[in-house]
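Asker: Position in the sequence shown (first residue = 1) + 220 = this note's numbering.
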Amino acid sequence: MKSLYWRMVFFLKTRKSRKVRKSLGTNIRAIITQSSNGLFAVDPEDLEVGEKLRKGGFGLDEIERIKSLISDDSRVLIVGSHIGSLVIPISRHCKEIVAIEANPKTYELLSLNLRMNNIENVVSHNIAASEKTEIITFFLNTVNSGGSKRAPKQSHFMYEYDSPERVEIQAHALDTHLSNHAFDLVLMDIEGSEFFALKGMPKILQECKSLIVEFLPHHLRNVAGVDAETFLKQIPERFTKVTIPSQNVTLSREEAQAFLLKMFRDQKGDDGLIFHIE
Numbered sequence: 221m222k223s224l225y226w227r228m229v230f231f232l233k234t235r236k237s238r239k240v241r242k243s244l245g246t247n248i249r250a251i252i253t254q255s256s257n258g259l260f261a262v263d264p265e266d267l268e269v270g271e272k273l274r275k276g277g278f279g280l281d282e283i284e285r286i287k288s289l290i291s292d293d294s295r296v297l298i299v300g301s302h303i304g305s306l307v308i309p310i311s312r313h314c315k316e317i318v319a320i321e322a323n324p325k326t327y328e329l330l331s332l333n334l335r336m337n338n339i340e341n342v343v344s345h346n347i348a349a350s351e352k353t354e355i356i357t358f359f360l361n362t363v364n365s366g367g368s369k370r371a372p373k374q375s376h377f378m379y380e381y382d383s384p385e386r387v388e389i390q391a392h393a394l395d396t397h398l399s400n401h402a403f404d405l406v407l408m409d410i411e412g413s414e415f416f417a418l419k420g421m422p423k424i425l426q427e428c429k430s431l432i433v434e435f436l437p438h439h440l441r442n443v444a445g446v447d448a449e450t451f452l453k454q455i456p457e458r459f460t461k462v463t464i465p466s467q468n469v470t471l472s473r474e475e476a477q478a479f480l481l482k483m484f485r486d487q488k489g490d491d492g493l494i495f496h497i498e
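1. Closer than 8 Å is the cut-off here; do at least three beta carbon pairs connect the segment 413 to 432 with the segment 376 to 384?
2. Could you tell me whether the Cβ atoms of residue 360 and residue 325 are closer together than 8 Å?
3. Straight-line CA distance for residue 498 to residue 282?
4. Under the assumption that residue 367 contacts residue 411 (Cβ atoms under 8 Å), give the Cβ distance between them as a whole number of angstroms.
5. Considering only residues of the same chain and omitting the five flanking positions on each side of residue 253, which have a CB-CB separation below 7 Å?
6. Along the chain, where does the beta strand (DSSP E) containing residue 260 start, and where does it finish?
7. Whose CA, out of 463, 390, 270, lies closest to the CA of residue 351?
8. Just verifying my parser: in three-state terms, what is the DSSP assignment at residue 332?
9. Nearest by alpha-carbon distance to residue 295: which of 392, 429, 420 is it?
10. If we ignore side chains and look at the alpha-carbon of each, how far apart do residue 408 and residue 239 end up?
11. Quick one: residues in its chain with C-beta nearer than 7 Å to the C-beta of residue 234, no 5 flanking neighbours on either side, listed in chain order?
12. Kindly give me the distance between the Cβ atoms of residue 374 and residue 442, rounded to whole angstroms, as I take these residues to be in contact under 8 Å.
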């Protein structure tokens, strides 16, 4: 019954997205909108981040959490930058951002949005983060372009309901690709590829002060093909505290381990666990 409900939800979203595209015409690449995040070019078919920006703002609570972890001197790495809805407002509160975005279509919008907002302290890279240098198959979703991802190990209708285009893209281990960089904060939201990215950046993780990373059980199981325990082993023990915003708790690393394993079993996720040093 639950599966049927979500299939219907995704069907209706896809239909709405295609109606928007049809009404605007096939030549419209983006709509310009002013939001609390800044001035943005958004894909009219995107009913998630794009629609929220058109209606006023996206991720404003998360932006405030991030701001509390940085200063004007901070260097920030954002892996999964999408069209810049977090990158642009955060760039005004730190020294430098390195922005990683795998999706070539959203990368075009990210580049445009950086220029429209006169952002000069962001260096962007159109690559995927992985455990090694490789070519990966990538899904380009349209209804939720932020949900675009590397081809899952286990297929599921929630990743393919809008018949995403599949492309081959370049991926790199970030320790190698960004070998001359050090960061105070790493923020990662890459739709299930977090496990692979973490394996490719142990040096970066040993040097940063805080790590924010998405934790979604279905992504771990289906996209990465790992369980929560295997995933958490990729995060250095030097991070002794974990904040779980969705549960409004901050725990010791040991307490968080048990808490997150239970969340995984219960199919509960969090858009951005915060690992920090006491």
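Glycine included, every Cβ here is placed at the ideal spot set by N, Cα and C.
Answerer: Working from what's here:
1. no
2. yes
3. 21 Å
4. 6 Å
5. 260, 262, 273, 274
6. 258 to 262
7. 390
8. helix
9. 429
10. 32 Å
11. 363, 381, 382
12. 4 Å
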